Structure formats: structure tokens, C-alpha cells
Amino acid sequence: MKRKPFILIGLILILTAFLAACGGQKEEQATASQPQSETKELVIGATAGPYSDQVKKGIKPILEKKGYTVKIVEFNDYVQPNQALAEGSLNANVFQHIVYLENFSKEHNLPIEDVIQVPTAPIGIYSQKHKTLDEVQPGATVSLPNDPTNQARALVMMQNFGWIKLKDGVDLLRVSEKDVVENKKNIKLLPLEAAQLPRSLADADYAFVNGNFAIASGLKLTEALELEDIPDQYMNVVAIKTADKDKQFVKDLIEAYKSQEFKDVIDKEFQGFVKPDYMK
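Note that the numbering used here has the sequence shown beginning at 31, numbered continuously upward.
See the structure below:
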């Protein structure tokens, strides 16, 4: 009889330990089942100039009201922003059109995609030596982007001016210098990195300059001798990692671009930009 209290105490201790273990296991399971909160710190990459400014003046304030901390990283080329996005140092970037994005992501096997179009500055042709396109002389030097998609845009514009002729039936989204079959004025084409095109105006007779780099260098869209009528596929887009497409920050980013607040910023600060359909 004297042993019973000790047996009873032992049983109580074992039962207590068992219940504690079960409780701990349930707590661990509950914790594991709870979704981790998404990041509220966003890093958005953009080329220096208007697309960076659009984020700074129009998108960042809206996202900050939603509780995000937004950092903007500026780039001066068309290669690093996509690589940084795929590697995870950016949450999103905005600088390119869908044709370039699809070609680049396929060529480099990057899991990135577009989510929304943004107001876009067209390519323009500028000159410090000539006041009109009609002043083009034989042997004139024309600088243009060296990346395939933007070079194609410039070549199509040159054909529209009557300066060159491209192969019949060629895909106008992918034309290159090799597709030029007629060049009566013997125009010398000078392919350059897009960011260097504004500087080429000092030497070239004419220069095709992407709108963002034109504005960043102090040129105005209204100063162009001719502006591109932007096809839908050349409207710039916001790009994200494919794995992030269903995350809340992407939904909030899209909502910010579609907001009346952002449209008001574009109407005031970015006149001359071609607007996406959702802003018309």
C-alpha cells in the first residue's frame, strides 16, 4: 500500500509529459501551416530617366501608402535589369517592351514575364546638324540601337522615310542590317548601345534614340524630327519573376499602375508618352 502514492505520482508525470509533447507537436504543426508573411520591402529596377521617374513620382507613393518600403535601382543598359530580376535582387523591373523581354528571357533561359504595360516614350530620330529628314545626304551617318528588337524599329522607320528598302516579306519585328536590300544614299549605319545614342549626335548626321534615353539626356520628345507610332508589342512593360506572379505585391503593383492617382502624374509630368489602353 505504501507504494501506491509513488506509482500514482509516476503515472501523473508520464501523462503530463505525454500531453506536453502532444501540445508541442500541435503547436509546431499549427506554426508550419501558417503562411509566411510576404515581403513589404520592394526593390524595383528601371533605366535612368522617365521610367525610373514614373516609379519614383507615381508608383512609389501609392505603394508606400499600402505599407511598402520601395527602393529604386537605376540601370544604364538593357542587360543587367533582367539578370538582376532573375537572380532575385529585384522584385520587378520596368524598361523594356514585350518583344525584347521574350527574346532575352528565351535566349538566357530566365524565368521572368510581363504583368502590365506602362506609359511609353517612343523612339525618335534627332539631329544637331540637320533640321529636317529631307536634308539627308549621300554617305550620311545614322546611329541606331544595336540590340536586335530596337534596331528593327529604327530600320522600319528608315524604310518609311524612303531612305532604305528592306527585303519583301521579312518579319518587321526581327529585321537587321542584313535585310537591307536597297540603300540608294549609301547611308552608313552606326549601331551603338542605346544609352550611348544621345552622345552620338555630336558626330552622326542623325541618331535614333529610345525615348527614355532621349529624355534622360535632356532631349525632348517634341524636338525629334520624327517620332515612332508605337505598335502594341513595343509598349514597355513591368516584368517580374514568374514564381512571384500570384504574390500580393504584384497585385498591388498592378493596382498602382491602374490607379487614377498614377494617371494624373502621367498627364502632368510625362506629356507625349503613349498610354496603355487601361489609361485611355
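Even for Gly, the Cβ is constructed at its ideal location relative to N, Cα and C. A quick note: this is a predicted structure, and the numbers were derived from the prediction, not measured.
Simplified DSSP assignment, three categories, for residue i
i      : result
Ile194 : coil
Gly118 : coil
Lys95  : helix
Pro221 : strand
Lys90  : helix
Asn133 : helix
Phe105 : strand
Gln290 : helix
Glu68  : coil
Ala76  : strand
Phe125 : strand
Whether residue i touches residue j by CB criterion (8 Å)
i      : j      : result
Asn266 : Phe125 : yes
Gln263 : Ile128 : yes
Glu258 : Leu163 : no
Ser157 : Leu227 : no
Gln181 : Ser206 : yes
Ala151 : Pro80  : yes
Asp106 : Ala78  : According to the sequence provided, residue 106 is Asn. The question's Asp does not apply to it. Contact flag set, yes.
Lys218 : Gly248 : no
Leu203 : Thr171 : no
Ile260 : Val304 : yes
Ile146 : Ile296 : no
Ala269 : Leu174 : no
Phe243 : Ala225 : yes
Bridge partners - residue i, DSSP secondary structure assignment
i      : result
Ile270 : Glu143
Ser173 : Leu220, Ala237
Gly154 : Val239, Leu257
Glu212 : Lys195
Classification of residue i by the beta-carbon crowding that lies within 10 angstroms, buried from 16 upward
i      : result
Asp307 : exposed
Gly88  : buried
Gly199 : exposed
Pro141 : exposed
Gly241 : buried
Asp235 : buried
Asp83  : buried
Thr252 : exposed
Ala60  : Note that Ala60 has pLDDT 38, beneath the 50 cutoff, so the model's placement of it is unreliable and no number is given.
Distance cut-off 7 Å: residue i Cβ against heavy atoms of the ligand PLP
i      : result
Asp282 : Among the ligands in the structure shown, none appear at all, so the ligand PLP cannot be discussed.
Three CB pairs or more closer than 8 Å across the region 108-122 and the region 86-97: The region 108-122 makes no contact with the region 86-97, as fewer than three CB pairs between them are under 8 Å.
Can you find at least 3 beta carbon pairs, one from the region 267-275 and one from the region 210-228, that sit closer than 8 Å? When Cβ pairs closer than 8 Å are counted between the two stretches, the region 267-275 is seen not to touch the region 210-228, the count staying below three.
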